[in-house]
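Visitor:
In this note's numbering, the protein residues as written are 39 to 203.
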């Protein structure tokens, strides 16, 4: 839809995602991402934290199930989706406004972690290529299906071979 506000937020999950199912059977996972900007204060020669943004995130259908299996409290994530605003009146009659993120994409950040990806779903072209590459690498005795046989190694003095890119 045109006119939607699409944003990308990186931060930490504040809790394990809560997975529920609608009466029609659609999965929805909800969690909150906390994003804190950091700036370097030259005078103090130290990093300073800004105000933390706590943003509720909703993820739907099969991706919701994947998120519930993959994301845990404290996990650094990158979320892209549609930002929405909702106003309501609380029990005391005070008008409130909340912002929510309906996620299109959720990924774990590899800044301070590693991940092993397991492809799910149908046997599309990408799935077939992935399965074939895994099979080839297993036959060749490698764990990484994308590693090349002549991988370059960067050493203190430079590359031991030509870089692969």
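Glycine included, C-beta positions come from ideal geometry on N, C-alpha and C.
As the structure is a prediction and not an experimental result, all values here were calculated from the model.
Is residue 138 helix, strand or coil when you go by DSSP?
Guide: Three-state result, residue 138: strand.
Visitor: Here's a check: name, in chain order, each residue in its chain whose Cβ is nearer than 6 Å to the Cβ of residue 79, leaving out the five neighbours to either side.
Guide: For residue 79, where only same-chain residues beyond five positions count, the Cβ hits under 6 Å are 86.
Visitor: Please confirm whether residue 106 and residue 75 have their CB atoms less than 8 Å apart.
Guide: It is not a contact, given that the beta carbons lie outside the stated cut-off.
Visitor: Nearest to residue 99 by alpha carbon, out of 81, 66, 114, 110?
Guide: Checking every option, the nearest Cα to that of residue 99 belongs to 66.
Visitor: Output needed for residue 152: all residues of its chain with C-beta closer than 7 Å, excluding positions within five of it in sequence on either side, in chain order.
Guide: Answer for residue 152: no residue qualifies.
Visitor: Check whether the Cβ atoms of residue 43 and residue 148 sit closer than 8 Å, and answer yes or no.
Guide: No, these two residues do not count as a Cβ contact at 8 Å.
Visitor: Please classify residue 200 as buried or exposed, where buried requires at least 16 other C-beta atoms within 10 Å of its C-beta.
Guide: Low local confidence applies: a pLDDT of 46 at residue 200 is under 50, so the model's placement there is unreliable, with the coordinate-based value given in what follows. Label assigned to residue 200: exposed.
Visitor: Per DSSP, which residues does residue 86 bridge with? Please list them.
Guide: DSSP lists 77 as partners of residue 86.
Visitor: So, residue 109 versus residue 141, is the Cβ gap smaller than 8 Å?
Guide: No, the pair does not count as a contact, with Cβ atoms beyond the cut-off.
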